[in-house]
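Engineer: Position 22 of the sequence shown, counting from 1, maps to 28 under our numbering, and the rest follow consecutively.
Just so it is clear, CB atoms sit at the ideal spot from N, CA and C, and this is done for glycine as well.
None of the values given here were measured: they were computed from a predicted structure.
Below is one structure. I have some questions about it.
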Amino acid sequence: MKKVFILSLIVGLLIFASFAECVPPKTVPIGMAVEFMDHAACAYISQDKGWFEEEGLNFTSYESYVTGMALASALARGDIQVAYMCLIPAINVYANAKIPIKIVAGTHKYGYGLVVNPDKIKNIKDLEKSDIRLGCVREG
Numbered sequence: 007m008k009k010v011f012i013l014s015l016i017v018g019l020l021i022f023a024s025f026a027e028c029v030p031p032k033t034v035p036i037g038m039a040v041e042f043m044d045h046a047a048c049a050y051i052s053q054d055k056g057w058f059e060e061e062g063l064n065f066t067s068y069e070s071y072v073t074g075m076a077l078a079s080a081l082a083r084g085d086i087q088v089a090y091m092c093l094i095p096a097i098n099v100y101a102n103a104k105i106p107i108k109i110v111a112g113t114h115k116y117g118y119g120l121v122v123n124p125d126k127i128k129n130i131k132d133l134e135k136s137d138i139r140l141g142c143v144r145e146g
């Protein structure tokens with residue numbers, strides 16, 4: 007009698023466990039955006055070849071922004087949840103908008119530099135002078 011009870015219990019648990027697999031997995035909408043630049047080539051290629059889907063990443067949107075700052079703004083607004091962007095705009099979105107971010111990978115090292123006129127700038131402190139102007143090669 008005890009063996010029949012234990013066997014019935016095991017069979018019941020197996021049947022109950024099989025129902026759990028019938029529940030469809032919960033999908034969370036994920037919007038992704040990239041900067042429109044050559045550093046993001048691997049993201050564009052992955053999207054084109056369907057590699058994101060092969061890994062189970064089904065983006066509800068896949069946008070391209072002209073600048074990293076525009077992309078950071080979209081992240082701050084909640085328009086997207088994943089961003090492929092340069093490090094400085096990512097840090098700015100955390101520092102200025104208090105958006106919690108997690109940097110999961112780097113794509114290039116030493117990709118940017120500071121160019122100065124050596125006659126006017128001898129050290130970092132010189133950048134604080136009122137007659138010194140900082141510029142950006144492109145908008146953003």
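Would you decide whether Ile86 is buried or exposed? Buried here means 16 or more other CB atoms lie within 10 Å of its CB.
Structural biologist: What you label residue 86 is simply residue 80 of the sequence shown in a count that begins at 1. Ile86 is buried by the Cβ-count criterion.
Engineer: For the structure I just gave you, are there three or more beta carbon pairs, one from the segment 43-50 and one from the segment 93-111, closer than 8 Å?
Structural biologist: no
Engineer: Going by the CB atoms, is the gap between Tyr71 and Leu77 shorter than 7 Å?
Structural biologist: Along the sequence shown, one-based indexing puts residue 77 at 71. Along the sequence shown, one-based indexing puts residue 71 at 65. Taking 7 Å as the Cβ cut-off, Leu77 and Tyr71 qualify as a contacting pair.
Engineer: Do you know whose CA, among Ala103, Glu61, Lys108, lies nearest Lys80's CA?
Structural biologist: What you label residue 80 is simply residue 74 of the sequence shown in a count that begins at 1. Note that residue 80 is Ala in the sequence shown here, rather than Lys. Minimum Cα distance to Ala80 is reached at Ala103.
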